[in-house]
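In mature numbering (1 follows the signal peptide of the UniProt record, and there is no 0), the protein residues as written are -21 to -1, 1 to 285.
Now the structure itself:
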């Protein structure tokens, strides 16, 4: 056997060995909740739900452990926002500038900006980890902000988003990010606790009419969720949207008109979220933060159109 043939055989054997070793290698260890989540550090708040989902507050999570794990995952995270008419003029630039600074810093992010006028887009500094995709829509198609937001997002998830990102958040545009909104928020199905109703223990505004698809009977209910933030795996977000649209259609046929947020709360009552975000992640600018709120991650500026 000549020298060249010997080298080729040796290279082939080495390659075969490495391939076999790769196939036999155990899969990367999954991150356990106990590796990064420490609910006992916040005895002043609810940190675990009855169905054992974590509630993320400042002080309950280890940023270093999460960073080491998620940086190995080669993640891409999506953030979708709808900005039409006056909401775009009033809020979009502040939303985008603050999100560009604080949302998932150090990770690849695709911003999906659903707008009805391209001229409303702000100029932002280029960043190799940040991609901005403009998704034009034809105005407020049903005269209802939330129907437009949810139906447009569903179309884009099916059309391309599900193949582009690992996790997806949808937020209303009346928001300013103030501190790091990081990978501690990632989960299969993510719900946002309502800043006002978390601290109230009575008169929760669920839909109580039995004929409504959003009905949660008296004496039942878990938390009251803020509809301005939803998140999770793209197909989980799509399932939530489908549930909401089915509920709206059911109510319309029966002459009822419940709110988006009540339909959302019914969905999460019957489909428990796998992770809950504390009010720190969507604080209301009109409220003074109580002692339990250590670090406001984002503030909602107005409730008028949302």
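Ideal placement from N, C-alpha and C gives every residue a C-beta, glycine not left out.
None of the values given here were measured: they were computed from a predicted structure.
1. I need the DSSP call for residue 69, collapsed to helix, strand or coil.
2. Pick from 16, 60 and 170: whose alpha carbon is nearest that of residue 245?
3. Span of the alpha helix (DSSP H) holding residue 222?
4. Which first and last residues belong to the beta strand (DSSP E) in which residue 56 is found?
5. What separation, rounded to the nearest whole angstrom, lies between the Cα atoms of residue 64 and residue 72?
6. Using the C-alpha atoms, what's the distance from residue 83 back to residue 50?
7. Is it buried or exposed, residue 153, if we count other Cβ atoms within 10 angstroms and call 16 or more buried?
8. Could you give the distance in angstroms between the alpha-carbon of residue 204 and the alpha-carbon of residue 191?
9. Taking contact to mean 3 or more Cβ pairs, one atom from each stretch, closer than 8 Å, check whether the region 93 to 111 and the region 157 to 177 are in contact.
10. For residue 251, which residues in the same chain have their Cβ closer than 6 Å to its Cβ, ignoring the five residues on either side in sequence?
11. Quick check: the region 221 to 230 against the region 140 to 149, are at least 3 beta-carbon pairs closer than 8 Å?
12. Since residue 112 is in the beta strand (DSSP E), which residue starts that stretch and which ends it?
13. Is it right to say residue 128 is buried, meaning 16 or more other beta carbons lie within 10 angstroms of its own, or is it exposed?
14. Kindly indicate the opening and closing residues of the alpha helix (DSSP H) around residue 93.
15. Taking 6 Å as the limit between beta carbons, can you name the residues of its chain near residue 54, skipping five residues before and five after?
16. Exposed or buried, what is residue 197 when buried is set at 16 or more other beta-carbons lying within 10 Å of its beta-carbon?
17. What's the gap between the Cα of residue 185 and the Cα of residue 209?
18. Look at the alpha carbon of residue 138 and the alpha carbon of residue 16, and state the distance between them as a whole number of angstroms.
19. If you follow the alpha helix (DSSP H) that residue 129 is in, where does it begin and where does it stop?
20. Taking residue 60 and residue 136 to be in contact with their CB atoms under 8 Å, please state how far apart those CB atoms are, rounded to whole angstroms.
21. If you check the beta carbons only, do residue 200 and residue 167 fall under 8 Å apart?
22. Please confirm whether residue 70 and residue 10 have their CB atoms less than 8 Å apart.
23. Pull up the distance between the alpha-carbon of residue 179 and that of residue 270, whole angstroms please.
24. Based on Cα-Cα distance, which residue from 254, 160, 113 and 193 lies nearest to residue 274?
25. Which one or two residues does DSSP pair with residue 33 in a beta bridge?
26. Got a sec, what are the start and stop residues for the beta strand (DSSP E) residue 181 sits in?
27. Could you give the first and the last residue of the continuous alpha helix (DSSP H) run that contains residue 249?
28. How about residue 155 and residue 280: do their beta carbons lie closer than 8 Å?
29. Take residue 254 as the anchor and find which of 19, 34, 25 and 18 has the nearest alpha-carbon.
Let me spell this out:
1. Correct three-state label for residue 69: helix.
2. Among 16, 60 and 170, the Cα nearest to that of residue 245 is on 170.
3. Looking at the DSSP string, the run of the alpha helix (DSSP H) that includes residue 222 is 213 to 232.
4. Run containing residue 56: 55 to 62, per the beta strand (DSSP E) assignment.
5. Between the alpha carbons of residue 64 and residue 72 lies a distance of about 13 Å.
6. Distance between the alpha carbons of residue 50 and residue 83 is about 11 Å.
7. Classified as buried, residue 153 has 16 or more neighbouring CB atoms from the shown chains inside 10 Å of its CB.
8. Approximately 18 Å between the Cα atoms of the pair.
9. Using a C-beta cut-off of 8 Å, the region 93 to 111 makes no contact with the region 157 to 177, since fewer than three inter-stretch Cβ pairs fall below that distance.
10. Excluding residues within five positions, the ones whose Cβ falls inside 6 Å are 30.
11. No: the two stretches stay apart, fewer than three of their Cβ pairs being nearer than 8 Å.
12. It spans 109 to 115 - the beta strand (DSSP E) in which residue 112 sits, taken as one unbroken run.
13. Around the beta carbon of residue 128, 16 or more other beta carbons sit within 10 angstroms, so the residue counts as buried.
14. Note, residue 93: premise wrong, no alpha helix (DSSP H); beta strand (DSSP E) at 87 to 94.
15. Only 86 and 145 meet the Cβ criterion.
16. Label assigned to residue 197: exposed.
17. The straight-line gap from Cα to Cα measures roughly 18 Å.
18. In this structure, the CA atom of residue 138 is about 35 Å from the CA atom of residue 16.
19. Run containing residue 129: 124 to 138, per the alpha helix (DSSP H) assignment.
20. Not confirmed; about 14 Å, so no contact.
21. Taking a C-beta distance under 8 Å as the contact criterion, residue 200 and residue 167 do not qualify as a contact pair.
22. Not in contact: residue 70 and residue 10 (Cβ atoms no closer than 8 Å).
23. When rounded, the distance between both Cα atoms is 15 Å.
24. By alpha-carbon distance to residue 274, the top candidate from 254, 160, 113 and 193 is 160.
25. Residue pairing by DSSP places residue 33 opposite 27 in a beta bridge.
26. Run containing residue 181: none; DSSP gives neither H nor E here.
27. Start and end: 239 to 249.
28. Yes, these two residues count as a Cβ contact at 8 Å.
29. Selected option, being the one with the closest Cα: 34.
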